[in-house]
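Asker: Heads up: the sequence shown runs through residues 761 to 828, numbered per the numbering used here. By construction, the Cβ of each residue, glycine as well, lies at the ideal position given by its N, Cα and C atoms. Note that the structure is a prediction, hence the values are computed from the model and not measured.
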Amino acid sequence: MKYIQEYNLKKAIRRYTEGLVSLGKASEIAGLPNRMFKYKLQEIGIPLNLSKNDIVKSMNTLAEAKKK
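#1: For Phe797, which residues of its own chain have a beta-carbon under 6 Å away from its beta-carbon, when the five flanking residues on both sides are left out?
#2: Can you look up Asn820 in the DSSP assignment and give me helix, strand or coil?
#3: Assuming Lys770 is part of the alpha helix (DSSP H), what are its boundary residues?
#4: Go through its chain and collect everything with a Cβ distance to Lys771's Cβ below 7 Å, but skip five positions before and after it.
#5: Whole angstroms is fine: what's the gap from Leu808's alpha carbon to Lys785's?
#6: Assign Leu780 to one of two classes, buried (16 or more other C-beta atoms within 10 Å of its C-beta) or exposed (fewer than that).
Here it is, written out as structure tokens:
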């Protein structure tokens, strides 16, 4: 099981760094929450390639959280 998780994480990182998938999709591939996937990227020194869509989605999430 551990090897499958490691494989999925490596696959997600590769696809993300190649620009083939978004940060959210990469975290799904890795089987990790978005925040944990970002932490893993930070740990190994990979910068976040946030797209305009990622930023807009984050801003919408923040706006919704403020309403609650």
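Answerer: Put simply:
#1: As a working mapping, residue 797 is identified with position 37 in the sequence shown. Around Phe797: Ser787, Ala790.
#2: The sequence position of residue 820 within the sequence shown is 60, counting from 1. Here Asn820 sits in helix by DSSP.
#3: The residue given as residue 770 occupies position 10 in the sequence shown. Element bounds for Lys770: 762-777.
#4: To locate residue 771, count along the sequence shown from 1; it is residue 11. So the qualifying residues of the chain are Ile789.
#5: Along the sequence shown, read from residue 1 onward, the residue named residue 808 stands at position 48. Along the sequence shown, read from residue 1 onward, the residue named residue 785 stands at position 25. Spanning the alpha carbons of Leu808 and Lys785 requires a straight line of approximately 13 Å.
#6: Against the sequence shown, residue 780 aligns to sequence position 20. The residue is exposed, with fewer than 16 neighbouring Cβ atoms inside 10 Å.
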